[in-house]
Amino acid sequence: MDSNTTTLIEQFLKPKAVSSRKLARNPDGRLLMAEESALDMDRIRDAGITVSELGRRVRVYNSDMTKQIASYIVPIEMTSMDDEGIEQSVGSKVQIGRLLAAGGLYLRHNPGIREIGINDRGDTILRLDLATAEDPTIGPVLNSYNTTQAELVTRLVARIDKKAHDRDVKEARAWLEAMNVLTGGKTLRTRFFSAGVACEHRGNIPQLYRTSQVNFFQINDPLSLELASALEERFRMLERNVPMVRVISVVGIPPNERAYKEFVAQLKQKKQNPMSLGLPSRLRDSQFFDSATKSVVPSCFIYACPLAEIGDSIYIITINTDYHGEIKCHGVHSGVAAVMSMAEVVSAHAGAVILSSEGGTTVVMGGDGAGKSTAVTFWAERNRPDRRNELKRRYQIESKGDKDIDEVMRGVGIVSQDDWLQIVPSGEGRWDVWPAERHFYMRSRGLLSRDLILSENEPIIENATADYGAARVRDALGRTTHDFPEERLFYDPDWDNFYADRDVHPISAIVLLEHDEELDYVVRRVSRQDALDFIMRGRCPDGAYRPFYTDYTDVSGLLIAQGIVGDRFIAAYKAARRGDVAALMNGDEALGRFVLDRLSVQIEVWQLILSDIPVFVVNATHGFDLTQDVIWMVSEHPETVKRGQEKSVVEFRELMQRRYGVVYDDEGRWASLG
Numbered sequence: 024m025d026s027n028t029t030t031l032i033e034q035f036l037k038p039k040a041v042s043s044r045k046l047a048r049n050p051d052g053r054l055l056m057a058e059e060s061a062l063d064m065d066r067i068r069d070a071g072i073t074v075s076e077l078g079r080r081v082r083v084y085n086s087d088m089t090k091q092i093a094s095y096i097v098p099i100e101m102t103s104m105d106d107e108g109i110e111q112s113v114g115s116k117v118q119i120g121r122l123l124a125a126g127g128l129y130l131r132h133n134p135g136i137r138e139i140g141i142n143d144r145g146d147t148i149l150r151l152d153l154a155t156a157e158d159p160t161i162g163p164v165l166n167s168y169n170t171t172q173a174e175l176v177t178r179l180v181a182r183i184d185k186k187a188h189d190r191d192v193k194e195a196r197a198w199l200e201a202m203n204v205l206t207g208g209k210t211l212r213t214r215f216f217s218a219g220v221a222c223e224h225r226g227n228i229p230q231l232y233r234t235s236q237v238n239f240f241q242i243n244d245p246l247s248l249e250l251a252s253a254l255e256e257r258f259r260m261l262e263r264n265v266p267m268v269r270v271i272s273v274v275g276i277p278p279n280e281r282a283y284k285e286f287v288a289q290l291k292q293k294k295q296n297p298m299s300l301g302l303p304s305r306l307r308d309s310q311f312f313d314s315a316t317k318s319v320v321p322s323c324f325i326y327a328c329p330l331a332e333i334g335d336s337i338y339i340i341t342i343n344t345d346y347h348g349e350i351k352c353h354g355v356h357s358g359v360a361a362v363m364s365m366a367e368v369v370s371a372h373a374g375a376v377i378l379s380s381e382g383g384t385t386v387v388m389g390g391d392g393a394g395k396s397t398a399v400t401f402w403a404e405r406n407r408p409d410r411r412n413e414l415k416r417r418y419q420i421e422s423k424g425d426k427d428i429d430e431v432m433r434g435v436g437i438v439s440q441d442d443w444l445q446i447v448p449s450g451e452g453r454w455d456v457w458p459a460e461r462h463f464y465m466r467s468r469g470l471l472s473r474d475l476i477l478s479e480n481e482p483i484i485e486n487a488t489a490d491y492g493a494a495r496v497r498d499a500l501g502r503t504t505h506d507f508p509e510e511r512l513f514y515d516p517d518w519d520n521f522y523a524d525r526d527v528h529p530i531s532a533i534v535l536l537e538h539d540e541e542l543d544y545v546v547r548r549v550s551r552q553d554a555l556d557f558i559m560r561g562r563c564p565d566g567a568y569r570p571f572y573t574d575y576t577d578v579s580g581l582l583i584a585q586g587i588v589g590d591r592f593i594a595a596y597k598a599a600r601r602g603d604v605a606a607l608m609n610g611d612e613a614l615g616r617f618v619l620d621r622l623s624v625q626i627e628v629w630q631l632i633l634s635d636i637p638v639f640v641v642n643a644t645h646g647f648d649l650t651q652d653v654i655w656m657v658s659e660h661p662e663t664v665k666r667g668q669e670k671s672v673v674e675f676r677e678l679m680q681r682r683y684g685v686v687y688d689d690e691g692r693w694a695s696l697g
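Residue 139 in the numbering used here is what sits at position 116 of the sequence shown, and the numbering runs on without skipping anything.
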């Protein structure tokens, strides 16, 4: 065993325990977890050390917490494991779960394991809940649940043929009916609004039924009914009804022929003929079968038709994915985006926050991880009076006693939307933000006020996962820290941890967040065409490109799948406008025509928006606080950066020090305020 796989615990194992089941190891033989009974406590005491120096103790208790049933040690060396060790450990089983990797190692607990907390000795305390030990969907902490998928599917199937799409819908319903036969349950159906568009979700997963209700607006929501009425008026001018967005989610379709035969046998035991229900005779005859993998993999199916051919309903079908983001993004938002395009409204992957004392909203756009959520919540945190007080101080400097500053503060630093919104024309070159989501579906990892939100409320948490060395510190080891990159929570603005509303607001500025060390400015006010190029490229902090800063919509998803992104996308769009529609889909003319139809409307509206609203590209590589100050400055004082001009980071630092007495350290954080 080499030094890379050796842990200090190895020196204190009982001889008979070295190769026993009391130890969990990765394929390279590295110790990942040891049952405490495998340790020779006499030798540990003789060495003058304690168990806490060897690692983190994890105690497991019975359901009513009256008896300890197991005790394990997580080696302290997990906090210093190198990349090769992490790679070798991914997927390994330990006594209480399985290891995952996402920028470090994390632990997905076994079904039935509940995390209670840390005791006075620093041990992690777990409870084995036998009542839920067979349900892998229930998470380890309060109000949490696990999913088998934690990202959008990569298999996005666009049907050109309407009959093929109709068969998709028919078979999806048949699968739901078949599963109801086996479980004795019923299809879960919920209706709701997103930006005034009526939506419906049908499926067989209780958690998706619940999160769909939570994330979007109820059918009796007053504002949604008002928006629906306004939308109906716009569609009345088009002499048609507003289409309804219908999402069907089916989870549990057998992945292969062998599993399908077992599924069919179970149906026959229930005296049901699979074919009479509408199921295929062979799995490979299923609408959802993937010939490339010869299985039914997590997928999303859409009907790729021109906007003019959309009927009274838009169907999106998700297969074998229980990830709420799939329902939200490829399902609801993509469908609603198509509806809105018909009314010359743009759907955007963006947040919105009021940062102007005149009441104007700033729309903040950027790819995943760009800092949209941080930007819209930075000034809105109720438990960060230092930020609100700093904002108040600046307005006091500017008002010179002419304004009621308390009144000003009641109207600024207000979060409107976190992740997705509609940009709607309101006449005479003006545009409004319409809210798309009732709850904010946010990454826990970077959420401001996260600890306060968790302590004061009971948000639904998705994929809560314990640290297994990712944080590189002992205190986090074996605990659910809410830093797992794929963990998300549903935040209700009514909880008031942030100053927030979900109303309609006029837009006064658009900020495009870029993370590009090669840009020689911290902020630039760009022309309509330059802004459109930035948006179409959609550069993300990791260097990837997502058209319009998103992979949510069907069009962006197809472009990404085909590798038509960045400058290549801009060139392909220009070629398609000249007649080469196949350039948009790597030679597929039919799909290229669909994509061009959707893009032409979307880009035409974007050009109008970008002509009417000032757009600023903010380079977010110059520091946390400094970036938020740039966004505030161009929101409150857009004239600070005139059209076609820019400011370097040095110029902006000098401006903030001269005007407000703000000094930043080398990392771009506040060093002195006034």
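A virtual CB, placed ideally from N, CA and C, is assigned to each residue, including glycine.
Here the C-alpha atom of Lys423 lies approximately 16 Å from the C-alpha atom of Glu413. Contact annotation: the stretch 672–680 touches the stretch 649–658, with at least three C-beta pairs closer than 8 Å. For the 9 Å CB-CB criterion, Arg212 and Glu223 form a contact. Counting every other CB atom within 10 Å of its CB across the protein chains shown gives Gly602 a total below 16, marking it as exposed. The continuous stretches of alpha helix (DSSP H) do not include His132, which lies in the beta strand (DSSP E) extending over residues 128–132. Just so you know, the alpha carbons of Gly382 and Thr89 end up roughly 57 Å apart.
In the three-state reduction of the DSSP assignment, Tyr283 falls in the helix class. Within its own chain, the residues whose Cβ lies closer than 6 Å to the Cβ of Glu669, once the five positions on either side in sequence are excluded, are Tyr544, Arg547, listed in chain order. In this structure, the straight-line span from the alpha carbon of Leu582 to that of Leu607 is close to 7 Å. In this structure, Cys328 and His353 do not form a Cβ contact; the two beta carbons are roughly 17 Å apart against a cut-off of 8 Å. Taking the Cα of Gly434 as reference, the smallest distance to any Cα among Thr504, Thr384, Ala613, Val117 is reached at Thr384. Where Val180 is concerned, the enclosing beta strand (DSSP E) starts and stops at 178–182. Of Glu76, Thr147, Val270, the smallest CA-CA separation from Ser94 is found for Thr147.
In this structure, the beta-carbon distance from Ile325 to Tyr338 falls below 9 Å. For Asp106, the uninterrupted alpha helix (DSSP H) run begins and ends at 106–112, by DSSP. According to DSSP, residue pairing for Ala373 in a beta bridge involves Met388. Boundaries of the alpha helix (DSSP H) harbouring Ala251: 245–260, taken from the DSSP string. By alpha-carbon distance to Ala331, the top candidate from Val265, Phe286, Asn279 is Val265. In the structure shown, Lys670 falls within a strand segment according to DSSP collapsed to helix, strand and coil. By the CB criterion at 9 Å, Arg682 and Ile420 fall inside the cutoff. Assigned with DSSP and collapsed to three states, Thr102 falls in helix.
Here DSSP, grouped into helix, strand and coil, assigns Thr73 to coil. DSSP lists no beta-bridge partner residue for Asp158. A straight-line Cα-Cα distance of about 43 Å links Ile484 and Asp65. Remark: C-beta atoms of Gly390 and Ala373 do not approach each other more closely than 9 Å.
Straight through space, the alpha carbons of Asp635 and Val657 are spaced by roughly 16 Å. The Cβ-Cβ distance between Leu471 and Arg407 falls below 9 Å. Leu306 sits away from Asn343, with the two beta carbons spaced by 9 Å or more. Between the alpha carbons of Tyr575 and Met56 lies a gap of roughly 39 Å.
Minimum Cα-Cα distance from Gln585 among the listed residues Phe216, Leu614, Glu255 corresponds to Leu614. Distance between Glu33 and Gln118, taken at the CA atoms: about 17 Å. Below 8 Å, too few C-beta pairs join the stretch 424–433 and the stretch 491–511 to call them touching: fewer than three. Comparing C-alpha distances from Pro508 to each of Asp143, Arg591, Gln625, Arg466 shows the shortest one belongs to Arg466.
Taking each of Pro448, Trp402, Trp454, Asp455 in turn and checking the Cα distance to Met432, the smallest one comes out for Trp402.
Within the same chain, and ignoring the five residues on either side of Gly580 in sequence, the residues whose Cβ sits closer than 6 Å to its Cβ are Leu179, Asp574.
In the displayed model, Ser472 falls within coil according to three-state DSSP, outside both helix and strand.
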